[in-house]
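Q: Each residue of the first sequence is one higher than the one before, counting from 1 in full-length UniProt numbering. Dumping the structure here so I can ask a few things about it.
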Amino acid sequence: MADLPLDSPRVVALKSRLFPWWDDNARDLPWRFGRATPWGILVSEVMSQQTQMSRVAPYWITWMNAWPDARALAKASTAEVITAWGHLGYPRRALRLQECARVVAEQYDNRLPQRYEELIALPGVGDYTASAVLSFAFGTRIAVIDTNIRRVLSRAALGVESLGGAATVADRKLANDLLPRDSKESNVWNQATMELGATVCTAKNPQCEICPLYEKCNFVAAGKPGLAEGRTRPRQHFKGTNRQVRGLILHALRSKTDMEPVRYQELVKLWPKSAQLDECLMSLDADGLIELLPDKAIRFPK
DNA sequence: CTCCAGATCC
DNA sequence: GGATCCGGAG
Numbered sequence: 001m002a003d004l005p006l007d008s009p010r011v012v013a014l015k016s017r018l019f020p021w022w023d024d025n026a027r028d029l030p031w032r033f034g035r036a037t038p039w040g041i042l043v044s045e046v047m048s049q050q051t052q053m054s055r056v057a058p059y060w061i062t063w064m065n066a067w068p069d070a071r072a073l074a075k076a077s078t079a080e081v082i083t084a085w086g087h088l089g090y091p092r093r094a095l096r097l098q099e100c101a102r103v104v105a106e107q108y109d110n111r112l113p114q115r116y117e118e119l120i121a122l123p124g125v126g127d128y129t130a131s132a133v134l135s136f137a138f139g140t141r142i143a144v145i146d147t148n149i150r151r152v153l154s155r156a157a158l159g160v161e162s163l164g165g166a167a168t169v170a171d172r173k174l175a176n177d178l179l180p181r182d183s184k185e186s187n188v189w190n191q192a193t194m195e196l197g198a199t200v201c202t203a204k205n206p207q208c209e210i211c212p213l214y215e216k217c218n219f220v221a222a223g224k225p226g227l228a229e230g231r232t233r234p235r236q237h238f239k240g241t242n243r244q245v246r247g248l249i250l251h252a253l254r255s256k257t258d259m260e261p262v263r264y265q266e267l268v269k270l271w272p273k274s275a276q277l278d279e280c281l282m283s284l285d286a287d288g289l290i291e292l293l294p295d296k297a298i299r300f301p302k
């Protein structure tokens, strides 16, 4: 792959168009523009893993109001945490976030560490989240690699469709090659590129006609070869899967106003296939999302 | 139907 | 690398 020097005309042109677009079009999400602590930024990133930002915002406000810092979240009950997670999906993220809060509270005196190696060692924090926190919360110059940035950079700079699947070495090299040298600019670059991918340069139907990069986009110049052919991930069903059943089970628990257990008989009415139901009860119990009682009644863990 | 600001396990 | 884990907006 050809190198793309930072000072190449193409990169300068992309930057000069992307930054003004960001100034005019950045969504006013509650954790942006210096209004959140580093911990708040981390919470927003964890909530946003596989969940759209627009859905995250109201949950984040309620969550941060209840538990403003890691110490507060560390002291919450599991039942409160799972309930507050609501319908964000993938509730194991909520448990990991609380585990993360405990580590931060106990080992880091309630302050997020600022080294990549320490961040990525935290529960529920992978490469993306660690990089995002470093860039967005601490202003560190680091390339953020997510599905949006991979798609935008691959299209605009290389003129080819992003393949999807796990991030490749080439993806990382490209993101690092294009990342502005100045830390403040790199922060804006990361956020603006992600925002563009989320709102304009989308996977299936990009709105090229309103894209600030249109005139300089190599993907447009090449005639958008293979648009949306690269699957972002293997197709995932939902209906009939254990994920649906697990969701139904947790919804039954959440809907209880008190901490009263849910009887197995009620669960069977929600999902008559008892073998799958039992499997899901076992896995939820193993995950620590429910407590399985001897008669197959369930309740939230303490 | 599609896709999502991923992490984790195998 | 592949599979699993949720749920809603478009």
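Backbone N, C-alpha and C define an ideal beta-carbon position, used for all residues, glycine too. Please read all numbers here as calculations on a predicted model, not as lab measurements.
Taking its Cβ as the centre, do 16 or more other Cβ atoms sit within 10 Å of Ile142, making it buried, or is it exposed?
A: By the 10 Å Cβ count, Ile142 comes out buried.
Q: What residues in its chain sit with their C-beta under 7 Å from that of Ala70, if we drop five residues either side in the sequence?
A: These residues qualify, in order along the chain: Trp39, Ala101, Val104, Ala105 and Asn110.
Q: State yes or no: is the C-beta of Val200 nearer than 6 Å to some heavy atom of the ligand GTP?
A: For the structure depicted, the ligand GTP is absent and the ligand set is empty, with no information on it obtainable.
Q: Could you tell me which uninterrupted alpha helix (DSSP H) segments, each at least 4 residues in length, are contained entirely in the UniProt domain "HhH-GPD" (47-199), listed from first to last along the chain?
A: Here the runs fully enclosed are 53-66, 70-75, 78-85, 92-107, 116-120, 127-132, 147-153, 169-178 and 183-199.
Q: If I measure Cβ to Cβ from Leu90 and keep anything under 7 Å in the same chain, skipping five residues before and after, which residues do I get?
A: For the record, residue 90 in the displayed sequence is Tyr; it is not Leu. The residues are Gln50.
Q: Nearest to Pro180 by CA position, among Asp171, Arg172 and Asn190, is which residue?
A: The shortest C-alpha separation from Pro180 is found at Asn190.
Q: Closest to residue 303 by CA distance: which of Asp171, Val200 and Leu134 is it?
A: An answer regarding residue 303 cannot be provided, because it is not within the stretch 1 to 302 covered by the chain.
Q: Go ahead and label Leu289 buried or exposed: buried means 16 or more other beta carbons lie within 10 angstroms of its beta carbon, across all protein chains shown.
A: Counting Cβ neighbours within 10 Å, Leu289 comes out buried, since at least 16 surround it.
Q: Apply the 10 Å Cβ neighbour rule to Asp258 and answer buried if 16 or more other Cβ atoms are within range, or exposed otherwise.
A: Per the 10 Å Cβ criterion, exposed.
Q: Just to check my reading of the structure: Val81 and Leu112 have Cβ atoms closer than 8 Å, yes? What is that Cβ distance to the nearest angstrom?
A: Not quite, the Cβ-Cβ distance comes to about 19 Å (not below 8 Å), so this is no contact.
Q: In whole angstroms, give me the CA-to-CA distance for Ile298 and Glu291.
A: Approximately 6 Å, taken between the alpha carbons.
Q: Give the range of the alpha helix (DSSP H) segment to which Ala275 is assigned.
A: Residues Ser274 to Asp287.
Q: Near Leu14, which residues of its chain fall below 8 Å by C-beta distance, leaving aside the five closest residues on each side in sequence?
A: Excluding positions up to five away in sequence, the list reads Ala156, Ala157, Leu178, Leu213 and Lys216.
Q: Taking the Cβ atom as the reference point for each residue, do Gly124 and Arg93 lie within a distance shorter than 7 Å?
A: Yes, these two residues count as a Cβ contact at 7 Å.
Q: Kindly indicate which residue of Leu122, Asp23 and Arg27 has the alpha-carbon position closest to the one of Val43.
A: For Val43, the nearest C-alpha among the options comes from Leu122.
Q: Going by C-alpha distance, which of Leu153, Val188 and Gln107 is nearest Thr140?
A: Thr140 has its Cα closest to that of Val188, out of Leu153, Val188 and Gln107.
Q: Who are the near neighbours of Met1 in its chain, counting only those whose CB is closer than 8 Å to its CB and skipping five residues on each side?
A: Unreliable placement is indicated for Met1, whose pLDDT of 48 sits below 50; no coordinate value is reported for it.
Q: Closer than 8 Å is the cut-off here; do at least three beta carbon pairs connect the stretch 202-213 with the stretch 17-30?
A: A contact exists between the stretch 202-213 and the stretch 17-30.
Q: Note down the Cα distance separating Arg246 from Glu185, rounded to an integer number of angstroms.
A: Taking the straight line joining both Cα atoms gives about 43 Å.
Q: On the three-state DSSP scale, how would you describe Ile298?
A: Reduced to three states, the DSSP call for Ile298 is strand.
Q: Going by other Cβ atoms of all chains shown within 10 Å of its Cβ, with 16 needed for buried, is Phe33 buried or exposed?
A: Flag for Phe33 reads exposed.
Q: Report all residues from its chain with a CB closer than 6 Å to the CB of Ser48; omit the five preceding and five following residues, and keep chain order.
A: For Ser48, where only same-chain residues beyond five positions count, the Cβ hits under 6 Å are Val56.
Q: I'd like the list of long-range same chain contacts for Asp285, defined as Cβ closer than 6 Å, with 5 residues on each side in sequence excluded.
A: If we look at Asp285 and ignore the five residues flanking it on each side, its Cβ neighbours are Leu292.
Q: So, at 7 Å on beta carbons, what are the nonlocal neighbours of Trp31 in its own chain, with the 5 sequence-adjacent residues on each side left out?
A: Gly40, Ile41, Ser44 and Trp60.
Q: Quick one: Cα of Ala130 to Cα of Met64, how far?
A: Going by the C-alpha atoms only, they are around 20 Å apart.
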